[in-house]
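K.L.:
First the structure, then my questions, so here it is.
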Amino acid sequence: AFFVKEYILSHPEDGEKIARLQELMLEQAQILECGLAVHEKFVPQDMRPLHKKLVDQFFMMKSSLGIQVGPQCPCPSTLTFSCS
Numbered sequence: 001a002f003f004v005k006e007y008i009l010s011h012p013e014d015g016e017k018i019a020r021l022q023e024l025m026l027e028q029a030q031i032l033e034c035g036l037a038v039h040e041k042f043v044p045q046d047m048r049p050l051h052k053k054l055v056d057q058f059f060m061m062k063s064s065l066g067i068q069v070g071p072q073c074p075c076p077s078t079l080t081f082s083c084s
């Protein structure tokens, strides 16, 4: 609602807040994308359908927010986790 052109034009006093909100939402999307990438590596076979649903929902959310859809995970690929 805050990113609609009409709102931005009619509430110029909120410009900085809107820009900050957009930045934070992009940052959260990147973090979530990295989390899904990690989940992809460790998800058990019986949880694959859930993982697919999470990924599908994530890309729908990214698209609805106008975030470029595609792999953008800035996380290092050398992450190692111990699952014990």
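All the letters of the sequence shown, read from the start, carry residue numbers 1 to 84 under the UniProt record's numbering. Backbone N, C-alpha and C define an ideal beta-carbon position, used for all residues, glycine too.
1. Alpha carbon to alpha carbon, how far is I31 from Q57? Give it in angstroms, no decimals.
2. Classify E33: buried if its beta carbon has 16 or more other beta carbons within 10 angstroms, exposed otherwise.
3. Does the Cβ-Cβ distance between I67 and A29 come in under 8 Å?
4. Please report the distance separating the alpha-carbon of L24 from that of D46.
5. Check each candidate in D14, H39, M60 and name the one with the smallest Cα separation from H51.
P.N.:
For this structure:
1. 15 Å
2. buried
3. yes
4. Distance between the alpha carbons of L24 and D46: 33 Å.
5. H39
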